[in-house]
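Below is one structure; the comments refer to it alone.
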Amino acid sequence: MLKSYKTEITPSPEQIQKINQTIGTCRYIYNFYLAHNREVYEKEKKFVSGIDFSKWLNNVYLKENPDKAWIKDVSSKSVKQSIMNAEKAFKRFFKHQSGFPKFKKKNKSDVKMYFVKTDAKVVIACERHRIKIPTLGWVKLKEKGYIPTTKQGYVIKSGTVSCKAGRYYASVLVEIPDTEKLQLNDFGLGIDLGIKEFAVISNGTTKKNINKTAKMKKLEKQLKREQRCLSRKYEDLKKRRNEKKGETTRQNIQKQVLKVQKLHQRIDNIRTDYINKCINEIVKIKPSYITIEDLNVLGMMKNKHLAKSVASQNFYEFRTKIENKCKENGIELRIVDRFYPSSKLCHCCGNIKKELKLSDRVYKCECGYEADRDYNASLNLRDCTTYKIA
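Take the position in the sequence shown, starting the count at 1, then add 523; the result is the number in our numbering.
Printed below as a string of structure tokens:
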């Protein structure tokens with residue numbers, strides 16, 4: 524079984540320079556592949572695959588353009604992986620699974636340095652306090668003992684190095700033996716995700732919306748202040764005519780950008796940590812199956828009054844993580860169709876209340892049944908018989 528581990532690393536100044544150089548080259552190659560494909564399609568009406576582009580780049584383009592020889596200064600595996608990522612983005616677009624691939628922006632897009640174990644010469648070793656990465660060498664780990672070590676018999680297949688808000692992270696894919704499946708109970712759970720409460724479970728448990736806590740509101744207020752400060756610095760830069768003062772303003776802008784990025788990362792880490800804890804608590808109940816709804820998040824985001832609240836709940840992240848956790852522990856994950864009337868259906872008599880409004884937080888049926896709207900939906904999801912298994 525393959526399992527991923529992600530942790531923060533402490534690279535040396537030379538290693539930081541190499542990581543930044545590799546990430547910059549990968550971003551350039553990704554954008555170059557998109558632009559080249561668009562140009563070829565406009566002229567010849569054909570699509571250039573990632574393998575064909577890689578051959579053309581190495582055998583034709585670099586020979587004709589010696590000024591681009593710096594592309595060869597970084598790991599070839601990272602460059603090839605960036606090409607494959609761009610090709611994957613095109614294929615998703617052709618299958619109508621996503622929009623047209625966008626160009627990667629410097630210091631804004633998530634670009635990673637990829638490394639892989641291809642043969643016996645390439646060694647990816649890991650000890651308790653450090654990890655050996657090809658082209659970088661030994662890099663210190665901030666969290667000691669988290670990644671399984673090679674001395675214990677574990678094999679690291681591949682990994683990536685990324686940079687976010689001035690901090691560097693290593694994510695590795697480790698081959699570990701299959702774990703024993705949990706002894707599951709003979710009941711299931713229905714989970715209704717929402718905005719007022721993050722999740723309402725059919726066993727009566729409620730997971731609160733962490734974005735409404737005082738800590739998160741304080742961080743979001745602080746983020747607004749720092750973003751306003753950044754905006755004022757950009758406006759001030761436009762008015763500067765003196766080059767020396769302008770250069771100082773640019774340096775101050777970079778410092779302010781880092782402050783904003785760190786606040787964004789802190790908020791994101793709090794949300795991710797909360798989702799992980801919620802999923803662990805649900806799995807510890809050991810249900811035989813878990814039922815969730817296939818939410819139309821893109822459609823929900825079109826409501827300008829709810830878009831921010833929906834985005835901050837990270838519904839997609841919750842679904843992907845609970846899907847992986849269920850596969851790991853042998854729990855069946857059921858996905859109910861998004862048009863299933865879980866909120867409008869009476870759990871007692873089966874009547875559908877068509878005129879149910881979003882403001883109606885208590886479900887009241889003609890049969891006398893009365894319950895919380897989200898709890899009623901979770902019961903209906905638990906007992907739903909039409910679903911697909913993730």
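C-beta atoms are modelled at their ideal positions from N, C-alpha and C, and glycine is treated no differently. From a predicted model like this one, the values you see are computed outputs, not experimental measurements.
request  = Note down, in chain order, each residue of its chain lying with its Cβ closer than 7 angstroms to the Cβ of Lys541, except the 5 sequence neighbours on either side.
outcome  = Thr658, Leu659
>> Measuring straight from C-alpha to C-alpha, what distance separates Leu753 and Leu781?
In response: 10 angstroms
Under the DSSP definition of a beta bridge, which residues are partnered with Trp914? Limits of the chain in this structure are 524 at one end and 913 at the other, which puts residue 914 out of reach.
Quiz prompt | 6 angstroms CB neighbourhood of Arg550 in its chain, flanking five on each side removed | solution = Lys627, Val634
**Asked** Hey, would you say Leu707 sits closer than 7 angstroms to Ser811, going by beta carbons?
**Response** yes
Handout entry: Among Lys756, Ile647, Arg789, Ile546, nearest to Arg773 - alpha-carbon criterion
Key = Lys756
If you count every other CB in all the chains shown that lies within 10 Å of the CB of Gln777, and 16 or more means buried, which is it?
exposed
*Rounded to whole angstroms, what's the CA-CA distance from Lys831 to Lys825? Just pull it up for me.*
10 angstroms
For Phe623 and Lys614, I'd like the C-alpha separation in whole angstroms. 10 angstroms
query = Closest to Asn799 by CA distance: which of Asn899, Thr843, Ser605, Gly676 is it?
reply = Thr843
query: Alpha carbon to alpha carbon, how far is Lys529 from Val684?
result: 9 angstroms
Check your understanding: By the 10 Å Cβ neighbour count, where 16 or more other Cβ atoms means buried, how is Met636 classified, buried or exposed?
Key -> buried
Buried versus exposed call for Phe930 [16 or more other C-beta atoms within 10 Å across all chains shown]: No answer is possible for residue 930: the residues shown for the chain start at 524 and end at 913.
Identify whether Phe638 lies in helix, strand or coil by the three-state DSSP scheme.
strand
Review point. Do you know offhand how far Asp883's Cα is from Ser866's?
Key: 10 angstroms
Residue of Leu856, Gln620, Ser527, Ile606 minimising C-alpha distance to Asn581 = Ile606
Next item on the list: Leaving aside the five residues before and after Asp709 along the sequence, list all residues of the same chain whose C-beta is less than 7 angstroms from its C-beta, in chain order.
Entry: Ser811
Q. In whole angstroms, what separates the C-alpha of Leu705 from that of Val697?
A. 22 angstroms
Cβ contact check for the stretch 668-688 and the stretch 644-657: 3 or more pairs under 8 angstroms
yes
Q. Since Cys752 is in the alpha helix (DSSP H), which residue starts that stretch and which ends it?
A. 737-762
First and last residue of the beta strand (DSSP E) that includes Asp715? 711-716
Worksheet item: What do you reckon, are the CB atoms on Leu716 and Phe838 nearer than 7 angstroms?
Response: yes
Three-state secondary structure (DSSP) at Ser598? coil
- Message: When you compare the CB positions of Lys747 and Ala688, do they come within less than 7 angstroms of one another, or not?
- Response: no
Using the DSSP secondary-structure output, state which residues sit across from Val678 in a beta bridge. Glu698
Inset, instruction - Quick one: using the 10 Å Cβ neighbour count with 16 as the cut-off for buried, is Ile875 buried or exposed? - result: exposed
Inset, instruction - Give the secondary structure of Ile776 by DSSP, where H, G and I count as helix, E and B as strand, and everything else as coil. - result: helix
Span separating the alpha-carbon of Tyr692 from that of Cys686: 6 angstroms
| said: Measuring straight from C-alpha to C-alpha, what distance separates Ile919 and Val783? | reply: This structure does not reach residue 919, given that the chain is present from 524 up to 913, and the question cannot be answered.
Cβ neighbour criterion (16 or more within 10 Å) applied to Phe638 = buried
Can you tell which of Lys629, Lys644, Asn726 has its C-alpha closest to the C-alpha of Gln544? Lys629
- Message: Restricting to Cα atoms, I'd like to know which of Asn775, Val662, Tyr553 is closest to Asp759.
- Response: Asn775
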